[in-house]
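Protein chains: 2
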Amino acid sequence: MARPREFDEARALDAAMRTFWEKGYESTSTQDLCEATGLGRSSIYNTFTSKRDLFLRSLEHYVDTMTGTQVAVLEDESSPPLERLRTLLDLIVDGEIENRSDGRAIGCLTVNTTVELSGRDPDVTRLLERDLARRLAAFRAVISAGQRGGDIASERDADALARFLNAVIGGMRVSAQGGADRATLEAIAATTLDALAA
Amino acid sequence: MARPREFDEARALDAAMRTFWEKGYESTSTQDLCEATGLGRSSIYNTFTSKRDLFLRSLEHYVDTMTGTQVAVLEDESSPPLERLRTLLDLIVDGEIENRSDGRAIGCLTVNTTVELSGRDPDVTRLLERDLARRLAAFRAVISAGQRGGDIASERDADALARFLNAVIGGMRVSAQGGADRATLEAIAATTLDALAA
DNA sequence: CAAATTCTGAACCGATCAGTCCAAAACGGA
DNA sequence: TCCGTTTTGGACTGATCGGTTCAGAATTTG
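Protein chains in written order, with the UniProt record's numbering: chain A, 1 to 198; chain B, 1 to 198.
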């Protein structure tokens, strides 16, 4: 062959993802991406074609890993359904508290992108819709299991409860970006579990 | 004096607000603002100083009117606390369904701005925090009243429930932007009321 | 070592960005 | 009517945007 890459593509993608996550799509310049990844413009355009393509891959990477770990928690049959939901919410609270920039939560790339781009870019919209469907399906499954086992008392249908859970999680993300601290997020999470268990 | 304005400042502000609401701050160009308001660049800069200042005034205008009507609903003592919350959620669902662009909900300027700018611009951050405090205070008041009257069964403290309610509302907004239809939003709202009443 | 191939850095591109400037137009007051 | 003041539209500015180009450095293969 010929001259080999001097960088790790996966690492570069991760750095780019983080930048989009912190600053949003429009506010991230190609210059920002160069600095974050440590690559030159040529290398970036050589490898990722365009800013939009790099964003799409970043978003894909984000949902794969994030939704992946969430689904894994939800499908872990070694603990009862309600407990799995508690673990999920803990995970989210921890994430919001840990992932900050300038002392502020950076939220969730999925939520941020839904707000910034959903409905404006067809590829982004499709990707977000697929991810939402995947998360809702996992939510529904645990909730149904919880209802069958008497773990979850609410008699609303599992789909409605899944949409409710999804909305609360999104709202927690926005709250964190709005300045909510750990105690606040935990209170929201606890109230949400009340709603399902009670 | 001299030559009078050819336009209505309040109307222009409203058009600008709507544009920022639909497209976000960064994605709205000064050209967009000219087209939306019908004003020339000179008139805009003459009247509103800068894009950022115009945005700040737009956000202020939004918050005043939106939070204003919400607080009015919450303080209407002619109906019981839980009923006021139901009315509030109905209002929000209606708003999300009605306010669309390209068949997609445009969400809530407060939520959108929290995601896009909170923590990045100090003036924006302060404005959003003031508005959040105002809404939380109104939420707390109705919830406390509901708890005293036995209308609201949850024994969590009113502040936690207020933060919870705020999060769900934000999440409904994001869900709407993500494509949720009226039935879905209503299901989330109903589940939320369950959580407070049950 | 030499040829073939790929990667890299920097200069460069047209478009668009927010914002400025200015001359002409449009009015009120005298 | 004419002066003073303000508004208005359009041309303009420097900076930055995403993206391209290209010469030369780096590396594998023969």
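All C-beta atoms in this analysis are idealised placements derived from N, C-alpha and C, irrespective of residue type, glycine included.
Integer Cβ distance of residue 166 of chain B from residue 136 of chain B, believed to fall under 8 Å: Right, their Cβ atoms sit about 6 Å apart.
Nearest to residue 176 of chain A (by Cα), restricted to the options A:35, A:108, A:197: Ranking A:35, A:108, A:197 by Cα distance to residue 176 of chain A puts A:108 first.
The segment 171–185 of chain B / the segment 154–170 of chain A touching (three or more Cβ pairs under 8 Å): Taking 8 Å as the limit for Cβ pairs, the verdict is that the segment 154–170 of chain A does touch the segment 171–185 of chain B.
Where the segment 142–163 of chain A meets chain B: residues whose CB sits under 9 Å from a CB there: Within the segment 142–163 of chain A, those residues whose Cβ lies closer than 9 Å to any Cβ of chain B are, in chain order, 153, 154, 156, 157, 159, 160, 161, 163.
Beta carbon of residue 151 of chain A nearer than 8 Å to that of residue 89 of chain A: In this structure, residue 151 of chain A keeps its C-beta atom at 8 Å or more from the C-beta atom of residue 89 of chain A.
The segment 52–69 of chain A / the segment 110–129 of chain A touching (three or more Cβ pairs under 8 Å): Look at the beta carbons and you see the segment 52–69 of chain A touching the segment 110–129 of chain A: at least three pairs across the two are nearer than 8 Å.
8 Å Cβ cutoff, residue 132 of chain A in contact with chain B: Interface residue, yes.
C-alpha distance - residue 181 of chain B paired with residue 97 of chain B, whole-angstrom precision: So the two alpha carbons sit approximately 7 Å from each other.
Which of helix, strand or coil DSSP assigns to residue 133 of chain A: The answer is helix: DSSP assigns residue 133 of chain A an H, G or I state.
DSSP three-state assignment for residue 183 of chain B, whether helix, strand or coil: In the structure shown, residue 183 of chain B sits in a helix (DSSP, three-state: H, G or I).
Close-in-space but distant-in-sequence residues of the same chain around residue 131 of chain B (CB under 8 Å, 5 per side omitted): Same-chain partners within the cutoff: 63, 67, 110.
Through-space distance from residue 173 of chain A to residue 114 of chain B, alpha-carbon basis: Roughly 10 Å between the two C-alpha positions.
CA nearest to the CA of residue 9 of chain A, picked from A:45, A:24, A:77, A:145: Out of A:45, A:24, A:77, A:145, A:45 has the C-alpha closest to the C-alpha of residue 9 of chain A.
Beta-carbon proximity list for residue 87 of chain A, same chain, < 6 Å, skipping 5 on both sides: The residues are 73.
4-residue-minimum alpha helix (DSSP H) runs that sit fully inside the UniProt domain "HTH tetR-type" (6–66) of chain A, ordered along the chain: DSSP runs (the alpha helix (DSSP H)) wholly in the UniProt domain "HTH tetR-type" (6–66) of chain A: 9–23, 30–37, 41–48.
Of the listed residues B:11, B:2, B:23, B:17, nearest to residue 118 of chain A (C-alpha basis): A check of alpha carbon separations from residue 118 of chain A across B:11, B:2, B:23, B:17 identifies B:23 as the nearest.
Chain A contacts made by the segment 76–102 of chain B, where a contact means CB separation under 7 Å: Residues of the segment 76–102 of chain B whose Cβ lies closer than 7 Å to any Cβ of chain A, in chain order: 102.
Inter-residue spacing [alpha-carbon to alpha-carbon] between residue 27 of chain B and residue 80 of chain B: When the Cα atoms are used, residue 27 of chain B and residue 80 of chain B turn out to be separated by approximately 43 Å.
Interface flag, residue 129 of chain A vs chain B, CB-CB below 8 Å: Yes - at least one Cβ of chain B is within 8 Å of the one on residue 129 of chain A.
CA nearest to the CA of residue 49 of chain B, picked from B:30, B:36, B:65, B:38: When each option's Cα is compared against that of residue 49 of chain B, the closest is B:30.
Positions along the segment 51–65 of chain A whose CB lies within less than 8 Å of some CB in chain B: Here the close residues number zero.
Reduced DSSP secondary structure (H/G/I, E/B, other) of residue 105 of chain B: Of the three classes helix, strand and coil, the one that applies to residue 105 of chain B here is strand, per DSSP.
Same chain, Cβ closer than 6 Å to residue 36 of chain B, five either side skipped, listed in chain order: Contacts found: 15, 19.
Per-residue contacts from residue 184 of chain B into chain A (C-beta, under 7 Å): The CB of residue 184 of chain B comes closer than 7 Å to the CB of 163 in chain A, given here in chain order.
DSSP three-state assignment for residue 217 of chain B, whether helix, strand or coil: Because chain B spans 1 through 198 in this model, residue 217 of chain B falls outside it and cannot be assessed.
Helix, strand or coil at residue 3 of chain B according to DSSP, with G and I counted as helix: Residue state, collapsed to three classes: coil.
Nearest to residue 95 of chain A (by Cα), restricted to the options A:116, A:70, A:75: The candidate whose alpha carbon is nearest that of residue 95 of chain A is A:70.
Chain A contact for residue 31 of chain B (CB, 8 Å cutoff): Not an interface residue.
Residues near residue 61 of chain A by beta carbon distance below 8 Å, same chain, minus five either side: Excluding positions up to five away in sequence, the list reads 13, 14, 17.
Boundaries (first-last residue) of the alpha helix (DSSP H) holding residue 83 of chain A: Start and end: 81–98.
CA-to-CA distance, residue 178 of chain A to residue 84 of chain B, given in whole angstroms: If you draw a straight line from the Cα of residue 84 of chain B to the Cα of residue 178 of chain A, it comes to about 25 Å.
Partners in chain B for residue 17 of chain A, counting only beta-carbon separations shorter than 8 Å: None at all; the shortest Cβ gap to chain B is about 17 Å.
Close beta carbons around residue 195 of chain A, own chain, < 8 Å, minus the five adjacent residues each side: Within the same chain, residue 195 of chain A has close Cβ partners 154, 164.
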